[in-house]
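In what follows, a single structure is set out as structure tokens and then discussed.
Residue numbers (the working numbering): 37 to 466.
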């Protein structure tokens, strides 16, 4: 909720600066809870369940170890105050990000708990879309002005209104239209899964409504990332559906595109032009120019990089709109390999389970988690996705859920629990 309602540049007053973002502090609390859970190993063994070891969890541990390693690399060079602060901020961010994944890995046991976590994600994404629509229609002031009322302060200036091709770009509750669009397109596969397989009919109805709200809100960002994320996320999510439902989804999508062209022709033209005029767009040419710059820095530190967080705009560098390039500069080839493993291992496990699971709900869940990873990976190639709260939280939630389901053949129903409200057995592949 903090990640989707409080912009990332709003922090607690005091000396913490960017480390005082509420979502980051809650994530650090999750990391502490995960450590305490591991220390309480005797109690976990009394649960009578299989070990919670997980290949996805191992990659999360490796990613955290790599964060400490790159921080150590940064300290091997003389750093000014801005560079030292950037390196520490990068380490703290990695700790907070992985904290959510670790806690979900160790804490999630029951199907109803899982649906509750995913339901909050979908609800917050739909809320962001509603805020975007209300702001775009002039019914709400900027979300940042409302966020100031809770007593937080801005660590960095809030982005002003952003237009593209004379169309005001919405950003909902996020800092930037790209963050907003990635959050919505990554949450959509989860919303579709809950609309079909949530435990109660009421939850399925709410998830269906949230899916519609999210789909309507995505184009308001006027972003190529939004369109690509929407197409990729839907293609992966519906690939496990029966043929008749796939056809219905295709017809519904085509009808929605026609309806948008009729009702909001200016938006339709803007979305078409951002692709047709891409070669002239400075956002595209700027990203291409980054490749030349990164190549030069990579030659100087090819394997270990210069240390995560050292090369930033405030330290004299440029803002790299590509998470893989930024990781290459900060962590070298090893850092990029570890970061890529998050998507490759998580995606392979999600695909494998979605193919082998005998239960339709499990197949749908794992394919939707795969869709989340695909959307965020695409966003990592077009933006600094780890600096945006919405997609960052969705990434670690997806990885944490995948890790939590390993080693458990069946979520047991409590003795005497029956009826439509009882948790369904969740059969998963080892």
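Even for Gly, the Cβ is constructed at its ideal location relative to N, Cα and C.
Quiz prompt | For residue 419, the first and last residue of its enclosing alpha helix (DSSP H) | solution = Counting along the chain, residue 419 falls outside any alpha helix (DSSP H), and DSSP gives it neither H nor E.
Quiz prompt | Expected contact under 8 Å - CB spacing of residue 310 and residue 201 to nearest Å | solution = 7 Å
Quiz item: Hey, residue 357 and residue 261 are a contact pair by Cβ (cut 8 Å); roughly how many whole angstroms apart?
Solution: Between residue 357 and residue 261 the beta-carbon gap is near 10 Å, outside 8 Å, which marks them as no contact.
Exercise. Go through its chain and collect everything with a Cβ distance to residue 125's Cβ below 7 Å, but skip five positions before and after it.
Key: 54, 55 and 345
Quiz item: Does the Cβ of residue 107 have 16 or more other Cβ atoms within 10 Å, making it buried, or fewer, making it exposed?
Solution: Per the 10 Å Cβ criterion, buried.
Quiz item: Using the beta-carbon count (16 or more within 10 Å), is residue 241 buried or exposed?
Solution: exposed
Practice problem: Could you name the residues of the same chain whose beta carbon sits closer than 6 Å to that of residue 383, not counting the 5 residues immediately before and after it, in chain order? | Solution: 406 and 409.
Exercise. Helix, strand or coil for residue 316, going by three-state DSSP, please let me know.
Key: helix
Practice problem: Just confirm the distance between the C-beta atoms of residue 435 and residue 378, as a whole number of angstroms; I'd bet it's less than 8 Å. | Solution: 7 Å
Quiz item: From which residue to which residue does the alpha helix (DSSP H) around residue 54 run?
Solution: Where residue 54 is concerned, there is no enclosing alpha helix (DSSP H), given that its DSSP letter is neither H nor E.
Self-check item: Candidates 138, 144 and 254: closest to residue 307 by CA position
Solution: Comparing alpha-carbon positions, the option among 138, 144 and 254 lying closest to residue 307 turns out to be 254.
Self-check item: Residues sharing a beta bridge with residue 72, DSSP
Solution: Answer is none; residue 72 lacks a bridge partner.
Quiz prompt | Whether residue 66 touches residue 136 by CB criterion (8 Å) | solution = In this structure, residue 136 lies closer than 8 Å to residue 66 by Cβ.
Quiz item: Whose CA, out of 134, 366 and 207, lies closest to the CA of residue 69?
Solution: 134
Quiz prompt | Cβ shell of residue 205 (< 6 Å), same chain only, five flanking positions each side left out | solution = The residues are 198, 213, 257 and 258.
Self-check item: Same chain only: Cβ atoms within 6 Å of residue 84, ignoring 5 sequence neighbours per side
Solution: Residue placement at residue 84 is poorly supported in this model, since its pLDDT is 49, which falls under 50; the coordinates still yield a value, given next. Within the same chain, residue 84 has no close Cβ partners at all.
Practice problem: For residue 189, name the three-state secondary structure that DSSP assigns. | Solution: strand
Quiz item: Where residue 75 and residue 89 are concerned, what is the direct C-alpha to C-alpha distance, given to the nearest angstrom?
Solution: 15 Å
Quiz item: Ends of the alpha helix (DSSP H) at residue 258?
Solution: For residue 258, no alpha helix (DSSP H) encloses it, and the DSSP letter there is neither H nor E.
Exercise. Would you list, in sequence order, the uninterrupted beta strand (DSSP E) runs of no fewer than 3 residues that lie entirely inside the region 80-138?
Key: Counting only runs of 3 or more, we get nothing.
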